[in-house]
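Trainee: Input: one structure, supplied below.
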Amino acid sequence: MPTRLVLVEDNLKLAESIAEGLREDGYLTDQLSTAAAAIERGLRRDFDLMILDLGLPDRDGLEVLAELRAARVHVPILVLTARDAVEARVEALDKGADDYLVKPFAFAELVARIGALVRRAGGPRWAPADDAPIVMGDDLVVSSGLKHATLSPREFALLGCLLRRRGEVVSRSEILREAFGYDFDPGTNVIDVHLTHLRKKLGGFPLVIETVRGIGIRLSLETPPKS
545 MPTRLVLVED NLKLAESIAE GLREDGYLTD QLSTAAAAIE RGLRRDFDLM ILDLGLPDRD
605 GLEVLAELRA ARVHVPILVL TARDAVEARV EALDKGADDY LVKPFAFAEL VARIGALVRR
665 AGGPRWAPAD DAPIVMGDDL VVSSGLKHAT LSPREFALLG CLLRRRGEVV SRSEILREAF
725 GYDFDPGTNV IDVHLTHLRK KLGGFPLVIE TVRGIGIRLS LETPPKS
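Here is the structure:
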């Protein structure tokens with residue numbers, strides 16, 4: 545089945561250029577130009593990835609991000625914007641963006657990032673070994689005993705990567721490749737942002753995620769006490 549994308553961009557000339565290129569690459573691409581339309585379409589959940597501009601005419605794209613994530617819409621969202629400040633990137637990732645690309649951009653890089661996000665979101669769910677106190681199930685839900693947490697696709701992929709290699713220090717380049725599908729550094733602190741989210745959502749779970757300065761990230765499991 546072809547991958548369906550939703551492109552939210554109010555610059556008609558740019559939107560048509562991007563959409564034409566994506567269609568030539570085999571993607572079914574629908575064009576929208578307002579935040580209201582993006583939210584309405586996002587709530588339908590009938591597509592595989594959204595490309596979202598932030599400078600929309602009716603509302604800021606960050607509000608679209610926040611509203612869709614609050615509604616538990618977990619479809620990957622790639623922000624495509626002219627805002628190049630580090631603070632803008634961090635805010636977008638913090639509100640639920642899965643990736644962030646600054647205009648002007650190379651079309652080949654956009655296609656590569658889309659491919660990475662789609663592969664990651666469509667990848668098989670993974671559960672750790674039977675002796676691990678963490679279960680990664682369907683619908684991006686992680687469980688441990690009576691505790692449950694719903695993660696974003698990126699958070700889910702990151703946790704899976706660290707759980708598979710629990711006890712090891714995983715380098716950032718390995719995380720970018722194994723969890724996010726990147727063979728290059730996207731130029732953001734995307735790993736740190738998602739680690740912060742994981743630590744908050746998994747508070748009280750029997751695990752510890754630590755940053756080993758200059759080396760990478762390590763996840764350790766704690767065996768819950770027997771009742």
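Using the working numbering, the first residue of the sequence shown is number 545, and each one after it goes up by one.
Built from N, CA and C at the ideal position, the CB exists for glycine as well.
For the beta strand (DSSP E) containing HIS741, list its first residue and its last residue.
Mentor: The sequence position of residue 741 within the sequence shown is 197, counting from 1. Looking at the DSSP string, HIS741 is not in any beta strand (DSSP E); the run it does join, the alpha helix (DSSP H), is 734-745.
Trainee: Where does VAL662 fall in DSSP's three states?
Mentor: The count along the sequence shown starts at 1 and reaches residue 662 at position 118. Of the three classes helix, strand and coil, the one that applies to VAL662 here is helix, per DSSP.
Trainee: Would THR694 be called buried (16 or more neighbouring beta carbons within 10 Å of its own) or exposed?
Mentor: For this step, residue 694 is matched to residue 150 along the sequence shown. Label assigned to THR694: exposed.
Trainee: For LEU549, I'd like the list of residues in its chain whose CB is within less than 8 Å of its CB, leaving aside the five on either flank, ordered along the chain.
Mentor: For the purposes of this step, residue 549 is identified with residue 5 of the sequence shown, where counting begins at 1. Correct list, in chain order: LEU566, TYR571, LEU572, THR573, ASP574, PHE591, ASP592, LEU593, MET594, ILE595, ILE658.
Trainee: What are the residues that DSSP puts in a beta bridge with ASP554?
Mentor: Stepping through the sequence shown from its first residue, residue 554 is reached at position 10. Answer is none; ASP554 lacks a bridge partner.
Trainee: Could you check the C-alpha separation between ALA673 and ILE761 for me, to the nearest Å?
Mentor: Walking along the sequence shown from the start, residue 673 turns up at place 129. Walking along the sequence shown from the start, residue 761 turns up at place 217. Low confidence applies here, because ALA673 scores a pLDDT of 41, under 50, leaving its location unreliable; read the following figure in that light. One C-alpha to the other measures close to 20 Å.
Trainee: Tell me whether ILE562 sits in a helix, a strand or coil according to DSSP, three-state version.
Mentor: On the sequence shown, residue 562 is found 18 positions in, with the first residue counted as 1. In the structure shown, ILE562 sits in a helix (DSSP, three-state: H, G or I).
Trainee: For SER717, does the three-state DSSP call read helix, strand or coil?
Mentor: Mapped onto the sequence shown, residue 717 falls at position 173. The answer is helix: DSSP assigns SER717 an H, G or I state.
Trainee: According to DSSP, is GLY579 helix, strand or coil?
Mentor: For the purposes of this step, residue 579 is identified with residue 35 of the sequence shown, where counting begins at 1. First, the amino acid is wrong: residue 579 is Ala here, not Gly. Helix.
Trainee: Beta carbon of VAL646, beta carbon of ALA626: below 8 Å?
Mentor: Here residue 646 refers to the residue found at position 102 when the sequence shown is read from its first residue. Here residue 626 refers to the residue found at position 82 when the sequence shown is read from its first residue. Yes.
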